[in-house]
Amino acid sequence: DVKVTQSSRYLVKRTGEKVFLECVQDMDHENMFWYRQDPGLGLRLIYFSYDVKMKEKGDIPEGYSVSREKKERFSLILESASTNQTSMYLCASSFGGGAVNEQFFGPGTRLTVL
Amino acid sequence: DAKTTQPPSMDCAEGRAANLPCNHSTISGNEYVYWYRQIHSQGPQYIIHGLKNNETNEMASLIITEDRKSSTLILPHATLRDTAVYYCIVRVITAGYSTLTFGKGTMLLVSP
C-alpha cells in the first residue's frame with residue numbers, strides 16, 4: 038500500500054513564526070503536492086513538485102515556499118505564519134508517468150496560527 | 022475554476038444504490054473525469070476515472086454520457102462507511118504530471 042505520512046496531525050504556532058510541514062511518501066513517486074483545505078473553499082493547490090529540486094506554483098502560492106531535496110520528502114514552509122494561514126494542509130503524491138496518475142493523500146495537518 | 026457542478030448534498034439509505042451526478046459541460050476532448058471522496062478527518066481517496074466509456078471497479082461504476090457533458094458515479098450498495106464528500110474532477114493527463122482542481126463536492130449521507 039502507498040503510504041503518505043505527514044509530520045504532525047495538529048500544530049499550533051504563533052504569528053510570525055517560521056513553520057515547516059513535512060511530507061514523506063514511500064512509493065518512489067515522482068510527483069508531490071501540497072494543498073490547503075478550508076470550509077466553503079474546498080481543496081486548493083499551493084505548490085507541487087515533479088522531480089527532486091523542481092517546484093511549480095499552484096493556485097495559491099503566496100506566503101508559502103517548498104523544498105524537495107530528496108525524492109521521498111516534500112516540505113511546505115510558512116516563512117512568517119499569519120492567522121489567515123490557519124487551515125488543514127494536505128500532502129499528496131503520484132507517479133510521474135502512466136495513464137492513471139492517481140494521487141495518494143496523507144492524513145492532513147491541522148495548523149492553527151494564533 | 023473547478024469546471025464541474027455537483028449538488029451540495031444527497032441522502033441514501035443503507036443497502037441502496039447511490040447515484041451521484043456531475044455536470045462538466047465545458048469538458049475538452051482530452052480531459053478525463055475523475056472521482057475522489059473524502060471521509061471526515063481523512064485525506065481524499067481516489068475512486069475511479071474515465072474518458073468516454075463507462076468504467077467499473079471494486080468501489081464504484083462511472084457512467085459518462087455520450088456527449089461527455091455529464092457523468093454519474095454509482096455506489097451499488099451504499100454502506101454507512103460511504104458517508105463522505107464526493108468530488109468530481111476533470112483533468113488532462115500528461116506524460117509527466119497533472120494537477121487536480123477540486124470543487125466543493127457532494128456530501129453524501131448514508132443512513133440506516
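Chains A and B, in that order, are what the protein sequence lines are.
The opening residue of the first sequence carries number 38 in the numbering used here; numbering runs sequentially from there.
The opening residue of the second sequence carries number 22 in the numbering used here; numbering runs sequentially from there.
Glycine included, C-beta positions come from ideal geometry on N, C-alpha and C.
Every value quoted in this text rests on a predicted model; they were computed, and no experiment measured them.
For residue 127/A, does the three-state DSSP call read helix, strand or coil?
Reduced to three states, the DSSP call for residue 127/A is strand.
Name the chain B residues whose beta carbon is nearer than 8 Å to that of residue 113/A?
In chain order: nothing, as chain B lies at least about 15 Å away.
Could you tell me the boundaries of the beta strand (DSSP E) in which residue 153/A lies?
Absent from the model: residue 153/A. The displayed extent of chain A is 38 to 151, so no value can be given.
On the three-state DSSP scale, how would you describe residue 63/A?
In the structure shown, residue 63/A sits in coil (DSSP, three-state: anything other than H, G, I, E or B).
Please classify residue 148/A as buried or exposed, where buried requires at least 16 other C-beta atoms within 10 Å of its C-beta.
It is buried - the Cβ of residue 148/A has at least 16 other Cβ atoms within 10 Å.
How many Å lie between residue 130/A and residue 139/A at the Cα?
Near 8 Å, if we compare the C-alpha coordinates of residue 139/A and residue 130/A.
Would a check of beta-carbon distances place residue 85/A closer than 9 Å to chain B?
Answer yes: the Cβ-Cβ gap between residue 85/A and chain B drops below 9 Å somewhere.
Is there a Cβ of chain B sitting closer than 9 Å to that of residue 70/A, yes or no?
Yes, residue 70/A lies at the interface with chain B (some Cβ there is under 9 Å from its Cβ).
Quick one, which of 86/A, 51/A, 55/A has its alpha-carbon nearest residue 106/A's?
Closest by alpha carbon: 86/A.
Pick out whichever of 57/B, 130/B, 72/B, 97/B has its Cα sitting closest to the Cα of residue 124/B.
It is 57/B.
What does the alpha-carbon distance come out to for the pair residue 68/A and residue 89/A?
So the alpha carbons of these two residues sit roughly 9 Å apart.
Would you say residue 108/B reaches chain A, if we count a Cβ-Cβ gap shorter than 9 Å as a contact?
Chain A, which has a Cβ nearer than 9 Å to the Cβ of residue 108/B, makes this yes.
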